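Heads up: the sequence lines are chains A and B, in that order.
For the first sequence, the working numbering gives the first residue as 39, with consecutive numbering after it.
For the second sequence, the working numbering gives the first residue as 221, with consecutive numbering after it.
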Amino acid sequence: MGARLDDLEAAYREHLPQFRRVAAAIVGDEERGRDAVQEAFGRAIRRRRTFRGSGPLEAWVWRLVVNAARDQARRPLARSLDELPSEPEAAGNGASPRGDDLRMAIALLPERQRLVLFLRYYADLDYARIAAALEIAPGTVAATLHAAHAALRRTFQEVPR
Amino acid sequence: MTDPDPLLASALDSLVPSFDDAAPDWADALRRGRRSRRQRLALAALTAVPVLIALLVAPAFGLGRGVLPFFGTEKAPQPVVRDFASMSTGAPPGMDPGVIASETRKVGVWHFGGKAHTLWVAPTRAGGFCDLWTDGGGGCDREGTVPVDAVGAMAPMRVAPGEDTQARLENGIPVWIAGYVRSKYAAGVAIRFEDGTVVRPELTWVSEPIGAGFFAYDIPTAQRAIGHRAISVVAVDADGEHVATDYLGVGGLRDPLADAVIAERHAEVELETAHGTATLYTAPTRYEGRCTWLEFGGEQIPVTPCLPKGYEHQAALGVAVHALGGRLILAGECGYAAVEFLHLDGSVRRVECTDGLVFTDLNPADAAGEMRALDADGHPLPGSTVSVPRLRAPR
């Protein structure tokens, strides 16, 4: 079995923006997030013969990207989003939470909730694909995302569900 | 599935760029993937300097002990030495761990489960070791090839009337875990929980002839509930990649082939059935061990647990009868020269065991009778006779 180099390259080219986005969110830095993605694919290339094929290649690659980003962070994830460059406050009707407050609220989430949140919103993965990427049950993904939403709602009462 | 919250999505969008115009650099990924062994060694050497400095400085700051020289640790008192010596006393042939009890040492004292536990360790003659935590348990790896091993304690459980032992174990709640990983196979250890939480406990490495990192971990109260329990201890390499899993026996989540390097599997034997081919596969592990399973109709059917090197032939008779494609197939571990089917009409049929495995399809006479193990001289092993109908694997 194992993963083919062509398949890895295809996954890399097809999903690079999502990989970069999730890694940047985890690491808290665009450039180091980019490095994490490159390193993850370096690992994937080195270890492609160990891919067992018991799940989708995409899930295996996501696992490598998430792990490489966590390695790259080298510090508690609770601080990672604090270090992203501050963006202008989102324009709108006043219902959107302010960026700094949202960073803080996300930073206070447990790590698993943050990872599920990032994969759902920044990579647009469905529950099954998140479950496969993080090696947890789809039901756990649903519960975890629900908990993350609830925690963020508590912080921002003005964000309705 | 819950749809993304549009307001939250919008707010999150503002935090991290979309990277829609990210420029791929596949050549860089290839370079990283093909980093030569020499370069990696050079990197390791560069890394080693600060690590060495850290090891020299760390004791002053109480940051860790680096690698404990085993023969520099305190020798065990006589009562402990006698305990270790007793591990070999009366052991059945082939089961003697060969512990060198006189070299039992005190590796350290850990605090978990509300009390102090001393870890005693003694090498074995074959290159392994025996370990014993006071008030905690332990065991022996005679060969020195077990990649990861853990002992633990369960919270007191309410036992329902009629509940069997396995059910009680699966409903158990670990409260602490202690164990080791072998340094020649792994660089770290991770404890996995039912809810997806992963914890990397700190290891205390002990030098050769032990060559292992020991850990103990008090499980937080929040993880002592169904749905959140510790379920396995995983040995990982320097990249955090899986090497081996030791399941704690709780919960129902197990992958019996988790340790198998499937890419390197080998078809040992094939049997044609009315509904396709049943194939007995083996695959290596990343710790020199071996996993064995049956494949039929796209399904993987575990035959034996993945066994560390040197233990493949020590299993007595671990076999099961599988009903596949209209045939009955006996497969499993066989630590003897052969097995013999004893038919009801008094006739017998002998099947050789090869490389610690036995695999054969059964005729009606085999399936209705008994089976026993034979040694190299063809003599039946006392107490090895079993009823074949009782070997049917649950489906």
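Glycine is no exception: its CB is placed at the ideal position from the N, C-alpha and C atoms.
Computed from a predicted structure; not experimentally measured.
### Task
Verify whether the separation of the beta carbon atoms of L147(A) and A111(A) is less than 7 Å.
For L147(A) and A111(A), no; Cβs fall outside 7 Å.
### Query
Between I8(A) and R152(A), what straight-line distance do the alpha-carbon atoms span, to the nearest angstrom?
Residue numbering for chain A in the displayed model covers 39 to 199; residue 8(A) lies beyond these limits and cannot be assessed.
### Query
Among R141(A), T88(A), M142(A), A161(A), which one has its Cα closest to the Cα of V103(A)?
Out of R141(A), T88(A), M142(A), A161(A), A161(A) has the C-alpha closest to the C-alpha of V103(A).
### Task
Measure how close the beta-carbons of V327(B) and V426(B) come, nearest whole angstrom, since I'm counting them as under 8 Å.
With a Cβ gap of about 6 Å, V327(B) and V426(B) count as contacting.
### Query
Can you tell which of R59(A), F89(A), A175(A), D44(A) has the C-alpha that lies nearest to the C-alpha of V75(A)?
Selected option, being the one with the closest Cα: R59(A).
### Cβ of A242(B) within 7 Å of any chain A Cβ
Yes, A242(B) counts as interfacial toward chain A.
### Message
I'd like the span of the alpha helix (DSSP H) that includes P394(B), first residue to last.
### Response
In the DSSP assignment, P394(B) falls outside any alpha helix (DSSP H) and within the unbroken beta strand (DSSP E) covering 394-402.
### Euclidean distance between Cα positions of G392(B) and G333(B)
Rounded to whole angstroms, the separation of the alpha carbons of G333(B) and G392(B) is 16 Å.
### Query
Hey, is E47(A)'s beta-carbon within less than 7 Å of any beta-carbon in chain B?
At least one chain B Cβ lies under 7 Å of E47(A).
### Query
Which bits of chain A does V453(B) rub up against, with CB to CB less than 9 Å?
Going along chain A, no residue has its Cβ under 9 Å from V453(B), so there is no contact; the nearest lies around 15 Å.
### Environment of E422(B) [buried if 16+ CB atoms lie within 10 Å]
If you draw a 10 Å sphere on the C-beta of E422(B), you find fewer than 16 other C-beta atoms in it, and that means exposed.
### Query
Can you name the residues that DSSP bridges to G358(B)?
G358(B) pairs with L352(B).
### Query
According to the neighbour-count rule (16 or more other Cβ atoms, all chains shown, within 10 Å of its Cβ), is T574(B) buried or exposed?
So T574(B) counts as exposed.
#### Entry: Proximal residues to V481(B) (C-beta, below 8 Å), its chain only, five neighbours per side dropped
These residues qualify, in order along the chain: A503, P504, T505, R506.
### Query
So the alpha helix (DSSP H) A450(B) belongs to, where does it begin and stop?
Counting along the chain, A450(B) falls outside any alpha helix (DSSP H), though it belongs to the beta strand (DSSP E) covering 450-456.
### Message
Can you pull out the residues from the region 497-518 of chain B whose beta carbon lies closer than 9 Å to at least one beta carbon of chain A?
### Response
Residues of the region 497-518 of chain B that bring their beta carbon within less than 9 Å of a beta carbon in chain A comprise R506, in sequence order.
### Cα-Cα separation between T354(B) and P176(A), rounded to whole angstroms
Each residue's Cα considered, the two are about 41 Å apart.
### Message
Based on DSSP bridge pairs, tell me the residues matched to R510(B).
### Response
In the DSSP output, where bridge partners are listed per residue, R510(B) has P504(B), L527(B).
### Task
Report buried or exposed for L500(B), applying the criterion of at least 16 other Cβ atoms within 10 angstroms of its Cβ.
Its Cβ being crowded by 16 or more others within 10 Å, L500(B) is buried.
### Residues near D415(B) by beta carbon distance below 7 Å, same chain, minus five either side
Cβ within range, chain order: G447, H448.
### Task
Along the beta strand (DSSP E) that carries Y437(B), what are the first and last residues, could you check?
Looking at the DSSP string, the run of the beta strand (DSSP E) that includes Y437(B) is 432-438.
### Query
Using a beta-carbon distance below 7 Å, is A161(A) in contact with chain B?
Chain B, which has no Cβ nearer than 7 Å to the Cβ of A161(A), makes this no.
### Task
Check F290(B) in the structure and name its three-state DSSP category.
The DSSP-derived three-state label of F290(B) is helix.
### Task
Determine whether the Cβ of V236(B) lies closer than 7 Å to any Cβ atom of chain A.
So, interface residue.
### Query
Taking DSSP as the reference, what is the three-state secondary structure of R158(A)?
Secondary structure of R158(A) (DSSP, three-state): helix.
### Message
Using 8 Å as the cut-off, can you tell me whether the region 577-590 of chain B makes contact with the region 545-562 of chain B, which would need three or more C-beta pairs spanning the two stretches below that distance?
### Response
Result yes; three or more Cβ-Cβ pairs closer than 8 Å.
### Task
Following the continuous alpha helix (DSSP H) through R70(A), name the residue where it begins and the one where it ends.
Segment 68-84, the alpha helix (DSSP H) holding R70(A).
### Task
Output the boundary residues of the beta strand (DSSP E) element that contains D240(B).
Taken as a continuous stretch (DSSP letters only), D240(B) belongs to no beta strand (DSSP E), as it is neither H nor E.
### Message
Can you check whether the C-beta of L562(B) is within less than 7 Å of a C-beta belonging to chain A?
### Response
No, because no Cβ of chain A sits closer than 7 Å to the Cβ of L562(B).
### Query
Name the DSSP beta bridge partners of W425(B), please?
V287(B), G433(B), per the DSSP bridge assignment.
### Residues that L232(B) contacts on chain A, provided the C-beta gap is smaller than 9 Å
Residues of chain A passing the Cβ test: A63, L140, I144, L155, F156, Y159, Y160.
### Within chain B, partners of R152(A) - CB distance below 7 Å
Those do not exist, as R152(A) stays about 11 Å from chain B at its closest Cβ, beyond 7 Å.
### Task
Could you check how far apart the C-beta atoms of A166(A) and G93(A) are, in whole angstroms? I think they sit under 8 Å.
Contact check for A166(A) and G93(A): beta-carbon distance about 10 Å, past the 8 Å limit, so the pair fails to qualify.
### Query
DSSP state of V366(B), grouped into three classes?
V366(B): coil per DSSP, three-state reduction.
### Query
Would Y50(A) pass as a contact of A229(B) if the rule is Cβ separation under 7 Å?
7 Å or more divides the Cβ of Y50(A) from the Cβ of A229(B).
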